[in-house]
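Report on one structure; see the data block that follows.
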Amino acid sequence: MNRGYSYITLTDFPGECLYEIFLYLKNDNDSLFNYYALDIWLSYGLEYEYEPPTLRHVLSTEVYNLLFTHCKSLWNLRIGQWDDEYSVMDIAQIVRAPQTLSTLRHFELCGDFDWLTYEDLDNLSNILTIMSHFTFDLQSLKIDMSLDEDKCLLKRLRRLIKAQSALKSFTYSQKHGCVMDTKSIMTALTTQSKNLVNLVLDDIPLNMACLKFLEKFNNLKTIQFMFCNIKSSEVNYCKDTGKLIDVVPDEDDAEGNGDEPWKLNVEKLVFLKNNFRQMTINLVKMTHTTLRELTVDRATVELLTEITQRCVNLVYLAIGISSIPIDELYRISSMKLEVLVIGWNLSNTENIELSKEECEKLGKFLPTSLHHLYIDFPMTPSQLEVVLHNCVMPPIISLKFGLLDFEKCAIATLKRAKETNGFQEVRIVRPTLKAVTMIEKILQKERWENSLIRMVGFGRIIGIKVGIEREEPFGACEIQH
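Residue numbering for the sequence shown follows the numbering used here, starting at 51 and increasing by one per position.
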């Protein structure tokens, strides 16, 4: 282990990895590793080229024992995996386990725990129980799990959250979860209201009652919502016994009634692929005095109105405009934005159908204060040329080019760049290749890279820097034909 930093993932190790680890340990005279397990691996795993049924369990047990017995500075720990064939070892009998876990700074728990045996669930519960008594200095905690019907793990996770003294970042994802679980986790999280800086809620059911606890947080800077859904009422039963577990009463207005029930002192909000709209508007209203960065992939005219009227301190805006008429974008022209990202429907695989008049308006509506313009959807060369000729060009522009239009779009962009004083850099968005055959994917990638190389060369000739845009405000998209 390195003295300053150790990273271990507790999962079933691949055979190739184990082989390399144990060869190293075999040659390490200071190692206290159990050579019997090593002999089993060498004789069965290598000589006969197959794995005895108990070998992986034996090896995993030895790795756990080695880790918790000899590691003095374990900072990062990840337990679980999204697989239906893995196990969790019992560390309750390892004397030094509490001391090892006491140094943790980053912890991640993930997996579909419905696949675990009762023994594995007990072992996992023991780990969480020990951590709640000895691990107090976590800086980040990530939970990515499936529905916990008997609430056993959630109960221990809540204790672990409450035990922390300086938690800065928290990520919570629960596939097929219920709104009561969300509310219970958020309640426990209020104990970190003075410390928490970043909050990510991913793929969970929620309503405004779940978020009411956020008003108690003093230092929260960023909240991100991804794949979340509104759930106003539900009745949950145990799948084994059929007994009623909990009931969530029906709320007349799960997303909020449009008023401002409380204030949030947050600088950055991110909304990606959620199924709610009114809640987005309400959260923007609650944060408008402090909000500086906002990302919304599915914006509406109503939301755009709130943004332009209330968010006077906003400097970064990434907005999906597929549901907003171009004529309504005039609202952003008076904003003092430094960075503007314009996106379209992320599933779209064709160039956007915009008339020449719409392209002219889009260019004219862009704020003159921009330092960086990011157009996150492909345009035809003629569309792009009209937009660029009708806007005040910012120093940096990021563009997405389709494969067939790459050369023409590049020429139009660099031609406009050459004509514009102060224009400094063009960044090309690298899209994700479409789900095609491997050969087609290789050919697409080669075409794209060759076009980029030619564009970089032409940019050097005219004194414009050309590079690749690394940021993906709305996530990866398919490459365009």
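Ideal placement from N, C-alpha and C gives every residue a C-beta, glycine not left out.
Requested in this report: Please name the residue in 427, 126, 138 whose C-alpha comes closest to that of residue 150.
Outcome: As a working note, residue 150 is residue 100 in the sequence shown. The shortest C-alpha separation from residue 150 is found at 126.
Report task. Could you check which residue in 523, 140, 465 has the C-alpha nearest to that of residue 511? Result -> Position 461 of the sequence shown, counted from the first residue, corresponds to residue 511. Out of 523, 140, 465, 465 has the C-alpha closest to the C-alpha of residue 511.
Query raised in the report: Counting pairs of beta carbons, one from the segment 351 to 360 and one from the segment 401 to 415, are three or more of them closer than 8 Å?
Result: no
Query raised in the report: Within this structure, are the beta carbons of residue 417 and residue 387 separated by less than 8 Å?
Result: Numbered from 1 along the sequence shown, position 367 holds the residue referred to as residue 417. Numbered from 1 along the sequence shown, position 337 holds the residue referred to as residue 387. Yes; because the gap between Cβ atoms is below 8 Å, this pair is in contact.
Query - Runs of alpha helix (DSSP H) lying entirely within the segment 442 to 492, each at least 4 residues, in chain order - result: 456 to 469
**Report entry** Extent of the continuous beta strand (DSSP E) to which residue 194 belongs
**Finding:** Counting from one through the sequence shown, the residue named residue 194 turns up at place 144. It spans 190 to 196 - the beta strand (DSSP E) in which residue 194 sits, taken as one unbroken run.
Query raised in the report: residue 208: which of 446, 218, 234 sits nearest, CA to CA?
Result: Along the sequence shown, read from residue 1 onward, the residue named residue 208 stands at position 158. The shortest C-alpha separation from residue 208 is found at 234.
Requested in this report: Check residue 421 in the structure and name its three-state DSSP category.
Outcome: Along the sequence shown, read from residue 1 onward, the residue named residue 421 stands at position 371. The answer is coil: DSSP assigns residue 421 none of H, G, I, E or B.
Requested in this report: Identify which residue in 278, 243, 259 has its Cα closest to the Cα of residue 227.
Outcome: Start at 1 with the first residue of the sequence shown, and residue 227 comes out as number 177. Looking at the Cα atoms, 278 is the closest of the given residues.
Query raised in the report: Expressed to the nearest angstrom, what Euclidean distance is found between the alpha-carbon atoms of residue 376 and residue 342?
Result: As a working note, residue 376 is residue 326 in the sequence shown. As a working note, residue 342 is residue 292 in the sequence shown. If you take the alpha carbons of residue 376 and residue 342, they lie about 24 Å apart.
**Report entry** Backbone CA spacing between residue 132 and residue 237 [nearest angstrom]
**Finding:** Your numbering for residue 132 matches position 82 in the sequence shown. Your numbering for residue 237 matches position 187 in the sequence shown. Their backbone Cα atoms lie some 27 Å apart in a straight line.
Query raised in the report: Pairing CB atoms from the segment 514 to 522 with CB atoms from the segment 309 to 324, are three or more of them under 8 Å?
Result: no
Query - Straight-line gap, residue 524 to residue 119 (C-alpha atoms, nearest Å) - result: Against the sequence shown, residue 524 aligns to sequence position 474. Against the sequence shown, residue 119 aligns to sequence position 69. Distance between the alpha carbons of residue 524 and residue 119 is about 44 Å.
Report task. Could you pull out every residue in the same chain whose Cβ sits closer than 7 Å to the Cβ of residue 337, ignoring the five residues on either side in sequence? Result -> Numbered from 1 along the sequence shown, position 287 holds the residue referred to as residue 337. Same-chain partners within the cutoff: 314, 316, 319.
Query raised in the report: Does the segment 201 to 220 come close enough to the segment 241 to 252 to have 3 or more Cβ pairs within less than 8 Å?
Result: yes
Report task. Could I get the ranges of all uninterrupted beta strand (DSSP E) runs contained in the segment 147 to 232, with 3 residues as the minimum, in chain order? Result -> 156 to 161, 190 to 196, 219 to 225
Report task. Would you check if the distance between the CB atom of residue 257 and the CB atom of residue 281 is smaller than 8 Å? Result -> Mapped onto the sequence shown, residue 257 falls at position 207. Mapped onto the sequence shown, residue 281 falls at position 231. Contact: yes.
Query raised in the report: Are residue 451 and residue 441 closer than 8 Å when you measure CB to CB?
Result: As a first step, residue 451 is located in the sequence shown; it is residue number 401 there, counting from the start. As a first step, residue 441 is located in the sequence shown; it is residue number 391 there, counting from the start. Not a contact, by the Cβ cut-off of 8 Å.
**Report entry** Backbone CA spacing between residue 122 and residue 137 [nearest angstrom]
**Finding:** Against the sequence shown, residue 122 aligns to sequence position 72. Against the sequence shown, residue 137 aligns to sequence position 87. The straight-line gap from Cα to Cα measures roughly 24 Å.
Report task. Please report how far the alpha carbon of residue 548 lies from the alpha carbon of residue 213, in whole angstroms. Result -> Residue numbering for the chain in the displayed model covers 51 to 531; residue 548 lies beyond these limits and cannot be assessed.
Query raised in the report: Whose CA, out of 345, 144, 480, lies closest to the CA of residue 321?
Result: One-based indexing of the sequence shown puts residue 321 at position 271. Answer by Cα proximity: 345.
Query raised in the report: Measuring CB to CB, does residue 331 end up less than 8 Å from residue 352?
Result: Within the sequence shown, numbered from 1, the residue matching residue 331 stands at position 281. Within the sequence shown, numbered from 1, the residue matching residue 352 stands at position 302. It is a contact, given that the beta carbons lie within the stated cut-off.
Query - Near the ligand GTP: residue 511 beta-carbon under 7 Å from a heavy atom - result: No copy of the ligand GTP occurs in the structure displayed, which carries no ligand at all.
Query raised in the report: Using the C-alpha atoms, what's the distance from residue 443 back to residue 513?
Result: Within the sequence shown, residue 513 is the residue found at index 463, counting from 1. Within the sequence shown, residue 443 is the residue found at index 393, counting from 1. Computed Cα separation, rounded: 16 Å.
Requested in this report: Express the C-alpha separation of residue 449 and residue 434 in angstroms, rounding to a whole number.
Outcome: In the sequence shown, counting from the first residue as 1, residue 434 sits at position 384. In the sequence shown, counting from the first residue as 1, residue 449 sits at position 399. In a straight line, the C-alpha of residue 434 is about 10 Å away from that of residue 449.
Query raised in the report: When you compare only the Cα positions, how much space is there between residue 541 and residue 179?
Result: What the structure shows of the chain is the stretch from 51 to 531, and residue 541 is not part of that stretch, so it cannot be assessed.
Report task. Could you check if residue 500 is buried or exposed, using at least 16 other CB atoms within 10 Å of its CB as the buried criterion? Result -> Against the sequence shown, residue 500 aligns to sequence position 450. Answer is exposed; the Cβ neighbour count stays below 16.
Requested in this report: Report all residues from its chain with a CB closer than 6 Å to the CB of residue 394; omit the five preceding and five following residues, and keep chain order.
Outcome: Position 344 of the sequence shown, counting from 1, holds the residue named residue 394. Same-chain partners within the cutoff: 372, 402, 427.
Requested in this report: Identify whether residue 118 lies in helix, strand or coil by the three-state DSSP scheme.
Outcome: Stepping through the sequence shown from its first residue, residue 118 is reached at position 68. Correct three-state label for residue 118: helix.
Query - Given residue 188 as reference, the closest of 196, 211, 166 once Cα atoms are compared - result: In the sequence shown, the residue the question calls residue 188 occupies position 138. Selected option, being the one with the closest Cα: 211.
**Report entry** C-beta atoms of residue 240 and residue 205 nearer than 8 Å
**Finding:** If you number the sequence shown from 1, residue 240 lands on position 190. If you number the sequence shown from 1, residue 205 lands on position 155. Result no, Cβ atoms of residue 240 and residue 205 do not sit closer than 8 Å.
Query raised in the report: For residue 165, is the classification buried or exposed, using 16 other Cβ atoms within 10 angstroms of its Cβ as the cut-off for buried?
Result: The residue you call residue 165 lines up with position 115 of the sequence shown. Looking at its Cβ environment, which holds fewer than 16 other Cβ atoms inside 10 Å, residue 165 is exposed.
Query raised in the report: Do you know how far the Cα of residue 175 is from the Cα of residue 203?
Result: Locating residue 203 in the sequence shown gives position 153, where the first residue counts as 1. Locating residue 175 in the sequence shown gives position 125, where the first residue counts as 1. Looking at the two C-alpha atoms, the distance is approximately 6 Å.
Requested in this report: Take residue 468 and list the residues in its own chain whose beta-carbon comes closer than 6 Å to its own, dropping the five residues that flank it on each side.
Outcome: Locating residue 468 in the sequence shown gives position 418, where the first residue counts as 1. These residues qualify, in order along the chain: 512.
Requested in this report: Counting only the same chain and skipping the five closest in sequence on each side, list residues whose C-beta sits under 7 Å from that of residue 479.
Outcome: Against the sequence shown, residue 479 aligns to sequence position 429. Closer than 7 Å at Cβ, skipping near neighbours: 426, 448, 449, 450, 519.
Report task. Leaving out five residues on either side along the sequence, give the residues of the same chain with a beta carbon under 7 Å from the beta carbon of residue 169. Result -> In the sequence shown, residue 169 corresponds to position 119, counting from 1. There are no such residues.
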